[in-house]
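Colleague:
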Amino acid sequence: MAILRNAIALFVLLYCLVSCSCVLGRPATFLEDFKVTWSDAHLRQIEGGRAIQLVLDQNSAFLGCGFASKRQYLFGRVSMKIKLVPGDSAGTVTAFYMNSNTENVRDELDFEFLGNRTGQPYTVQTNIYANGKGDREQRVNLWFDPAADYHLYTILWNHHHIVFYVDDVPIRVYKNSGRAPFPMNQPMGVYSTLWEADDWATRGGLEKIDWSKAPFYAYYRDFDIEGCPVPGPANCASNPGNWWEANNYQALTAMEARRYRWVRLNHMIYDYCTDKSRYPVPPPECLAGI
């Protein structure tokens, strides 16, 4: 029986490598798929490695502290549950993002959680770099307290669009419309950092970090990466059989579209597409819709 089980397991593994139709790169604990990138003394494993605590104090303020995936991925879905810095978090930024780690032509997909003064709503800023071009900021005030408990933050990236989700509610859609650059060829790693940015993070830099409230803590758990690892099977990224390329992931569902419009109507506070001082003519991707 043991020989049969081993044979079946080997067959499944070989099938995955050849067809690339199975889920690839799903981490179970932090140590399996992530590494410390900045200030390892300010990262602590908790819950037996299933969760991580980042610590920001004046010793880590210059570079912050953070971690990154050991591998890069080309298309797929990445998500984490995060509990943000509570209380007076003004001037702090907690970031969860994908980055190609290339200089002039980098691709990047950003969640940036901008700290607040006690009692004010947390703001999440998203940004997209494609072929080295960024400056595509949108900001949404979250409709719950993201420091009171863990919430799920997700980036879906396929050949058709990029979608940012908060607890399965889409807050940003960037279509591959052919009108503007779209990340297609560069694999990206998964990163998260906690750092001090009081020159811009809270009310445009008017609210400075209060180091008497330090240390500041952010928490992470339930890491999930499902995508094509690079290096890996050469045909994975172009395989239309990957679940994230299926018809029901090529556009928002009717329910997702309603939720998306609700977020934009009730919680969006900045959209570069409507900032006429920066863009008298809206950038072409702004006309693509959802």
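So the sequence shown is residues -25 to -1, 1 to 265, counted in mature numbering (1 follows the signal peptide of the UniProt record, and there is no 0). Built from N, CA and C at the ideal position, the CB exists for glycine as well. Every value quoted in this text rests on a predicted model; they were computed, and no experiment measured them.
1) Among Ser152, Gly41, Ser252 and His17, which one has its Cα closest to the Cα of Gln225?
2) What do you reckon, are the CB atoms on Asp82 and Ser75 nearer than 8 Å?
3) At which residues does the beta strand (DSSP E) containing Glu7 begin and terminate?
4) Assuming Leu89 contacts Pro145 (C-beta within less than 8 Å), just tell me the rounded distance between them.
5) When DSSP builds the beta bridges, which residues end up paired with Gly99?
6) Quick check on DSSP: helix, strand or coil for Leu59?
7) Does the stretch 119 to 129 come close enough to the stretch 45 to 56 that 3 or more CB-CB pairs lie under 8 Å?
8) Identify whether Gly24 lies in helix, strand or coil by the three-state DSSP scheme.
9) Just to confirm the assignment, what range does the alpha helix (DSSP H) spanning Val256 have?
10) With distances taken from CA atoms, which of Ile265, Phe42 and Leu169 is nearest Leu31?
11) Which two residues bound the contiguous beta strand (DSSP E) that contains Tyr235?
12) Straight-line CA distance for Ser213 to Gly202?
13) Check whether the Cβ atoms of residue 268 and Pro61 lie closer than 8 Å to each other.
Modeller: In brief:
1) Here the question's residue 225 lines up with position 250 in the sequence shown. Closest in C-alpha terms to Gln225, from the list Ser152, Gly41, Ser252 and His17, comes Ser152.
2) Translated into the one-based positions of the sequence shown, residue 82 becomes position 107. Translated into the one-based positions of the sequence shown, residue 75 becomes position 100. In contact: Asp82 and Ser75 (Cβ atoms closer than 8 Å).
3) Looking up residue 7 in the sequence shown gives position 32. Element bounds for Glu7: not the beta strand (DSSP E) but the alpha helix (DSSP H), Phe5 to Asp8.
4) Along the sequence shown, read from residue 1 onward, the residue named residue 89 stands at position 114. Along the sequence shown, read from residue 1 onward, the residue named residue 145 stands at position 170. Not quite, the Cβ-Cβ distance comes to about 20 Å (not below 8 Å), so this is no contact.
5) As a working mapping, residue 99 is identified with position 124 in the sequence shown. According to the sequence shown, residue 99 is Val rather than Gly. For Val99, which the question treats as bridged, DSSP gives the partners Phe88 and Val115.
6) Counted from its first residue, the sequence shown places residue 59 at position 84. In this structure, Leu59 counts as coil in the three-state DSSP scheme.
7) Here the stretch 45 to 56 lies against the stretch 119 to 129, with 3 or more beta-carbon pairs under 8 Å apart.
8) Indexing the sequence shown from 1 puts residue 24 at position 49. Three-state result, Gly24: helix.
9) Counted from its first residue, the sequence shown places residue 256 at position 281. Run containing Val256: none; DSSP gives neither H nor E here.
10) As a first step, residue 31 must be located in the sequence shown, where it is residue number 56. With distances taken between Cα atoms, Leu31 lies closest to Leu169.
11) As a position in the sequence shown, residue 235 is number 260, starting the count at 1. DSSP places Tyr235 outside any beta strand (DSSP E); the residue lies instead in the alpha helix (DSSP H), whose first and last residues are Ala229 to Asn241.
12) Counting from one through the sequence shown, the residue named residue 213 turns up at place 238. Counting from one through the sequence shown, the residue named residue 202 turns up at place 227. Here the alpha carbon of Ser213 sits roughly 12 Å from the alpha carbon of Gly202.
13) Absent from the structure is residue 268, since the part of the chain shown begins at -25 and ends at 265.
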